[in-house]
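Order-wise, the sequence lines are chains G and E.
One rule links them: number in the numbering used here = place in the first sequence (from 1) + 1.
One rule links them: number in the numbering used here = place in the second sequence (from 1) + 13.
Reading through the structure tokens given below for one structure.
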Amino acid sequence: MSRIELEGVWKRFGDVEVIKGVDIVVEQGEFAVFVGPSGCGKSTLLRLVAGLESISEGEFRLGGKRMNEVSPDRRGIAMVFQSYALYPHMTVADNIGFALSLKKVPKPEIRKRVMEVAAILRMEDLLSRKPAELSGGQRQRVAIGRAIVKRPQVILFDEPLSNLDAMLRVQMRAEIQRLHQEFGSTIIYVTHDQVEALTMAQKIVVLKDGIVSQVGAPMSLYREPANAFVAQFIGSPRMNLLPARIQTVGAGDCLARVGEQPISIPARAGFAGGDDIQIGIRPEHIRVGVDGESDLDLEVTLIERLGSETYLHLDAGFGAVVVRIEGDMHASVGDDIGILLAREHCHYFDGAGRSVAA
Amino acid sequence: MKVTANQTVSGQRGNLRAYGILLFISFYCAVPFLWVLIASFDAKPGQFLRWPEDLTVSNYTKLFVSESGMLWTLNSVLVVGAATLIVLVFAGLGGYAISRTRAWWKAPLLYAIILVRIVPPPALIVPVYKVMLTLNDWVNGLINALVADPSQALFLSRIFSFVDGYLGLVLVLAAMQLPLAIWIMKTFFDAIPVDYEEAAVLDGASTLQTLRRVLLPLALPGLAAAGLFAFISAWGDFLMPLMFTSSPELQTLPLGLFRAFLRIDRIDYGFLTALAVIYTLPAVIAFSFARKFLTRTFSGGVKG
């Protein structure tokens, strides 16, 4: 019923191409998160699905039916705006019931459904207030209430938590997930925050410059990024990328240089002497060498102690390499330390940033 | 630093001086109005401010009973009210359209609109009169062709004529006020996020429903401001009624006041001041009415 298919979708504003041939499938009842840096087209994509923008080329199907020409209110889609967009002249109850009153639903029925929604969102005592009298979190709740009262097949969220403080954000994240489990609607959730994506999504769509960079389950994106962009975008702190040049290719290993320092890495199909590659490794997969064992020797430039863990920032010439260490560590800025890269967790990206498979 | 008794005293003295000067200026500004108000109730008002020996409303009864004060007032209210209504409708819709469009001609159009406002109205008299005269010939030709009865034709002509008719005066007054009103509404709509409309669209509202149930309530303070400026400015307009009406039946308050002042025999200050008071009242009422909307601010619908 509410399976979302985007096929070869383009969006152009005049000469500017914002969405460049996107293919995405969101299964019925799935919680999909569109994530990417600002300007990647994720909000535009959401607006195409909502019907607030027209699709320049390609097809959007909902439950197998072509939706390109269907007006927004007939798509069975509700949207929660980043700005909430609560009607300021209406009370909370009127805001939530507005869509129903437009459909000429009888008043007692509207009241009943508004009360239901208010109960679900725990805001029965706010119903007679105006939006101006609500806190940010309460406004967010009303905005969600306005969406779910229509019992839509699909709910779209456009960066809904970006205006809330950190604690409320965690709370609302849990709330939205609870609602998803309760209602089973298909959800598309747009955010630039990869933490929200990792914690909430069943499926993440990473967008960059109007194209899909990678689609997958959160942990599969974390473990097997398809390219250097996804590798760095998903996960915090981000993955270290070490530029390296292949020197010689052997039977099982090849020898590469990171800066001036030689390092041996497993050979991959397509590696040849003189190739420029990037070695990707997450901070938790780097170990500080003891007794002189070391892949690379680097200087400590910054130490962040968080109690349960410590982050070392090392100067690698091309930028910083971040190392995560359990607990505390005795080191000081200016020290030279040797680090060891866990080879089984290393990712290799070719000159174009594509992941090179084993 | 500690404030010494001396400093407080000199501070108080400074305050006193400031209030004294302010009081004097206020009084100076208020005196003409005061004179008008008092003289209008004076049986024998003179040129100077004085407390009347006999308080009377005879000036007002004269205005409304023996002179055509009622007609002038009705004409003014009718013409200016209709013009304001037209201004509100067109400024509301036009301001909204201009605010939302992304077309290349947006900026040129806006400046062209304000240019109309920059040209001094007397400079427009000749071309506007020419246009109105042409339209007038056309509409009167139509009336004469359609209506046989001369008294009926005269009645219709009084209403629909572009020169010496209600319609012409209403349109001219509205046209004069429209540029500023469109600018006010455009600026006002710029400040209303498009999110509200999009939310309404997703809620299933038609264009008309969005307009009536979402945009109009949000635009009320802007409409109040635009309407107030239009009403007060049109109410005070003297030139256009002078140019486009000649029949005594169409005379408006400012013309009545002006012509009463020009009467050869004697200047009747009681009558003139009563007329001036009546002429001032609607503007004051309009202001106090619109103030409620002007100060009503909407907030909290979007992130703040």
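Backbone N, C-alpha and C define an ideal beta-carbon position, used for all residues, glycine too.
Listed in chain order, the non-local C-beta contacts of Asp254 of chain G below 8 Å within the same chain comprise Ser265, Ile266, Pro267, Ala268, local neighbours out to five positions each way being set aside. Taking CB atoms only, Asp162 of chain E has no neighbour in chain G less than 7 Å away. Note on Asn88 of chain E: 16 or more other CB atoms within 10 angstroms of its CB, so buried under the neighbour-count rule. Below the 9 Å Cβ cutoff, chain G contributes Tyr88, Pro89, His90, Met91 as neighbours of Pro230 of chain E, in chain order. Contact annotation for Ala218 of chain E against chain G: Leu103 [CB-CB distance below 7 Å, chain order]. Counted as a single uninterrupted DSSP element, the beta strand (DSSP E) harbouring Leu315 of chain G occupies residues 310-316.
Secondary structure note for Gly235 of chain E: it is in no beta strand (DSSP E), and the uninterrupted alpha helix (DSSP H) holding it is 229-248.
In the structure shown, Gly9 of chain G falls within a strand segment according to DSSP collapsed to helix, strand and coil. Looking at E:Gln165, E:Met189, E:Lys57, E:Ala194, the one whose alpha-carbon comes closest to that of Phe251 of chain E is E:Met189. Going by C-alpha positions, Val171 of chain G is about 26 Å away from Glu225 of chain G. Each of G:Asp276, G:Val150, G:Pro161, G:Asn228 was checked against the Cα of Glu197 of chain G, and the nearest Cα belongs to G:Pro161. Residue range 155-159 is occupied by the beta strand (DSSP E) that includes Phe158 of chain G.
Contact check for Ala202 of chain G against Val23 of chain G fails: the beta carbons are separated by 7 Å or more.
Leu242 of chain G is positioned such that its CB atom lies closer than 7 Å to that of Gly281 of chain G. The beta carbon of Met68 of chain G does not come within 7 Å of any beta carbon belonging to chain E, so the residue lies off that interface. Each residue's CA atom was taken as its position, placing Glu210 of chain E and Val227 of chain E some 7 Å apart. In the structure shown, the three-state DSSP call for Lys143 of chain E is helix. Residue pairing for Asp277 of chain G: DSSP places it in a beta bridge opposite G:Arg246. Residues of chain E whose Cβ lies closer than 9 Å to the Cβ of Pro263 of chain G do not exist, since the nearest Cβ in that chain is about 53 Å away. Between Gln248 of chain G and Leu297 of chain G, the CB-CB gap reaches or exceeds 7 Å. DSSP, reduced to helix, strand and coil, places Cys255 of chain G within a strand of the structure shown. The alpha carbon of Glu6 of chain G has as its nearest neighbour, out of G:Ile338, G:Ile189, G:Tyr223, the alpha carbon of G:Ile189.
By the CB criterion at 7 Å, Ala243 of chain E and Val100 of chain E fall inside the cutoff. For Pro121 of chain E, no chain G residue has a Cβ inside 9 Å of its Cβ, as the nearest lies near 19 Å away. Rounded to whole angstroms, the Cβ separation of Pro153 of chain G and Ser186 of chain G is 6 Å, and the two are in contact under 8 Å. Taking all protein chains in view, the Cβ of Gly37 of chain G is crowded by 16 or more other Cβ atoms within 10 Å, so the residue is classified as buried. Runs of the alpha helix (DSSP H) spanning 4 or more residues and lying entirely within the stretch 41-88 of chain G occur at 43-51, in chain order. Chain-ordered, the chain G residues with CB closer than 7 Å to the CB of Ala212 of chain E read Phe82, Ala86. Phe82 of chain G counts as buried, since no fewer than 16 other beta carbons sit within 10 angstroms of its beta carbon. Under the DSSP definition of a beta bridge, Ile188 of chain G partners with G:Phe32, G:Ile156. In the structure shown, Arg239 of chain G adopts coil according to DSSP, grouped into three states. Assignment of Ala104 of chain E by DSSP, reduced to helix, strand and coil, places it in the helix class.
At a cut-off of 7 Å, the C-beta of Val227 of chain E has a neighbouring C-beta in chain G. In this structure Gly42 of chain G touches Ile20 of chain G by the C-beta definition: roughly 5 Å separates them, less than 8 Å. Secondary-structure assignment with DSSP links Gln141 of chain G through no beta bridge to anything.
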